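Note sheet for the following structure.
2 protein chains.
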Amino acid sequence: MLFFTQCFGAVLDLIHLRFQHYKAKRVFSAAGQLVCVVNPTYSLKYAPTRCAAVQASTEQGTLPPCHHHEVVHDPQLVPCTCPLFSCPWEGHLEVVVSHLRQTHRINILQGAEIVFLATDMHLPAPTDWIIMHSCLGHQFLLVLRKQEKYEGHPQFFATMMLIGTPTQANNFTYRLELNRNQRRLKWEATPRSILECVDSVISDGDCLVLNTSLAQLFSDNGSLAIGIAITTSKVHSSEAEM
Amino acid sequence: MLFFTQCFGAVLDLIHLRFQHYKAKRVFSAAGQLVCVVNPTYSLKYAPTRCAAVQASTEQGTLPPCHHHEVVHDPQLVPCTCPLFSCPWEGHLEVVVSHLRQTHRINILQGAEIVFLATDMHLPAPTDWIIMHSCLGHQFLLVLRKQEKYEGHPQFFATMMLIGTPTQANNFTYRLELNRNQRRLKWEATPRSILECVDSVISDGDCLVLNTSLAQLFSDNGSLAIGIAITTSKVHSSEAEM
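From first to last, the protein sequence lines stand for chains A and B.
First residue of the first sequence: 1120, per my numbering; consecutive thereafter.
First residue of the second sequence: 1120, per my numbering; consecutive thereafter.
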């Protein structure tokens, strides 16, 4: 009888241990994949020509230029780079994060890998979904934009900008991943500096581009989940492999 | 003196071994990544409405339908699915490969992973780059198409079709990968059956889509290298992870 009681006790212990292990694993998974719900930013005062305006004022010597891959050697005043708003703010790179948080209420998230869950994908273009991501000692701005590059055909554009200089941006690689309905789409690139124009990056299409039907295939109940990961980039080793 | 001679001999042996190892590694890499140069197929007789024509004739009961995810239970006559050609041929699934090889001179390649190197990307739309890939006991058709979905804005569409039924196609996953200029784009999906319309897949945009500027970034000297891999698909396990 004692033998059976001991056996029963051992089985109970095993069940308890298994449950503890499962619980720990679940907590770990949840911690590894922080899901952030991002609501759209819809503005009627959409200013697609802001880049040109910045450019024009640059020619008068008041603001830094807005070119691709432009290297800014000294800290200068930068205009507000928050997309969709024609914000008159300008300030140093170091205070861009606090401006975006305080004035534009953009959330900042920490974690090696996060899931960006953009809601209400059906909203008409132009619409932006924006979040800041704090990682590896730097802050990044993720912009998902719905825009009609060709009239009547809205597309989704996703890119990541470093809140730092282009030289600093070259030290990182970001990855955006969509995974649903037996389809997977991955985009990996070096982030652009926030000193460059997010509008130009998107109009050049040098980012993750989705047409509406593909966005629908990757969406669940009107929300699009984008897995984000940032790493420090060495040489793109696999580039030579191909 | 004898000691130095022996030492020199040992060093020579080491250098020889190192060289042999390097050579073997290089041969292995080359075997793992078969590069296939694919020339464009440019036709003035582009028939984008062929799908509709097939559909219309289907309604008269002469040819199988051209729907998405349509399951064909019995072997039937299928029209020639070679894109860009308005080919009057029709035959059983089993003879599609030989028709494509003999009539349309489409190459067939074997290997787990191949690199599809499409040349002359600058040619005007519509242009197709087509190859067959023999893998895991089946034949697949890879189609890269340059097409103007929006007038004046050519885009590139790449998809993989199984030369088999939709049920057979569901057992596989294909991956297309572009990797250049510090950017990487990966598309993974279940191949469509060749019984479905390649034109519909492309017009729906349910495939790898590239705008011209991105295609240029991934191209080298006018040629675009697409890494292709096919695997047998179980449940998309990582889908649940996101």
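Think of the CB as a built atom: it goes at the ideal place given N, C-alpha and C, for glycine as much as any other residue.
Remember, it's a predicted structure, so these values are computed and weren't measured experimentally.
In the DSSP assignment, what are the bridge partners of residue i?
i, result
"Ile1345/A", "Phe1235/A"
"Val1197/A", "Gly1210/A"
Just checking my contact of residue i with residue j at CB under 8 Å: how many whole Å lie between their CB atoms?
i, j, result
"Val1197/B", "Glu1209/B", "6 Å"
"His1252/B", "Ile1233/B", "6 Å"
"Thr1278/A", "Thr1292/A", "Their Cβ separation, rounded to whole angstroms, is 13 Å, which puts Thr1278/A and Thr1292/A out of contact at 8 Å."
"Ile1282/B", "Val1215/B", "5 Å"
"Leu1236/B", "Val1156/B", "5 Å"
"Ala1288/A", "Ser1312/A", "5 Å"
"Ala1231/A", "Cys1254/A", "7 Å"
"Met1280/B", "Phe1259/B", "7 Å"
"Leu1228/B", "Ile1250/B", "6 Å"
"Phe1276/A", "Arg1264/A", "5 Å"
"Leu1304/A", "Trp1306/B", "6 Å"
Counting along the chain, where does the beta strand (DSSP E) carrying residue i start and finish?
i, result
"Leu1281/A", "His1272 to Leu1281"
"Leu1260/B", "His1257 to Tyr1269"
"Val1215/B", "It is not in any beta strand (DSSP E) - Val1215/B instead sits in the alpha helix (DSSP H) that spans Val1215 to His1223."
"Leu1297/B", "Phe1291 to Arg1299"
Against residue i, what residues of chain D qualify as contacts under a CB-to-CB distance less than 9 Å, listed in chain order?
i, result
"Ala1231/B", "In the displayed structure, chain D is absent; the protein chains listed are A and B."
Count the other CB atoms within 10 Å of the CB of residue i; is the residue buried (16 or more) or exposed (fewer)?
i, result
"Val1338/A", "According to the sequence provided, residue 1338/A is Ser. The question's Val does not apply to it. Ser1338/A comes out buried."
"Ile1345/A", "buried"
"Val1154/A", "exposed"
"Glu1267/B", "exposed"
"Gln1274/B", "buried"
"Glu1315/B", "buried"
"Thr1222/A", "exposed"
"Gly1324/A", "buried"
"Glu1358/A", "Bear in mind that a pLDDT of 47 at Glu1358/A, under 50, signals an unreliable position, so the model cannot answer this."
"Glu1270/A", "exposed"
"Lys1142/A", "Only weak support is given to the placement of Lys1142/A: the predicted model assigns it a pLDDT of 40, under 50, and the question is left unresolved by the model."
"Pro1285/B", "buried"
"Thr1160/A", "buried"
"His1272/B", "exposed"
"Asn1158/B", "exposed"
"Thr1246/B", "buried"
"Arg1302/B", "buried"
"Asn1340/A", "exposed"
"Thr1351/B", "exposed"
What is the DSSP secondary structure of residue i, reduced to helix, strand or coil?
i, result
"Gln1229/A", "strand"
"Ala1244/B", "coil"
"Thr1351/A", "strand"
"Leu1212/A", "helix"
"Cys1326/B", "coil"
"Thr1309/A", "coil"
"Leu1314/B", "coil"
"Arg1303/A", "strand"
"Leu1182/B", "Unreliable placement is indicated for Leu1182/B, whose pLDDT of 33 sits below 50; no coordinate value is reported for it."
"Phe1138/A", "Because Phe1138/A sits at a pLDDT of 48, beneath the cut-off of 50, its placement in the model cannot be relied upon, and the following sentence gives the value as read from the coordinates. Looking at Phe1138/A - three-state DSSP - the assignment turns out to be helix."
"Ala1171/B", "For Ala1171/B, the predicted model reports a pLDDT of 42, less than 50, meaning its position is unreliable and no value from the coordinates is stated."
Quick check: does the Cβ of residue i come within less than 8 Å of any heavy atom belonging to the ligand HEM?
i, result
"Ala1348/B", "By its list of ligands, the structure shown contains no ligand whatsoever, and the ligand HEM lies outside what it can speak to."
Starting from residue i, trace the alpha helix (DSSP H) both ways and give me its first and last residue.
i, result
"Thr1286/A", "Pro1285 to Ala1288"
"Thr1331/A", "Thr1331 to Phe1337"
"Asp1323/B", "Val1317 to Asp1323"
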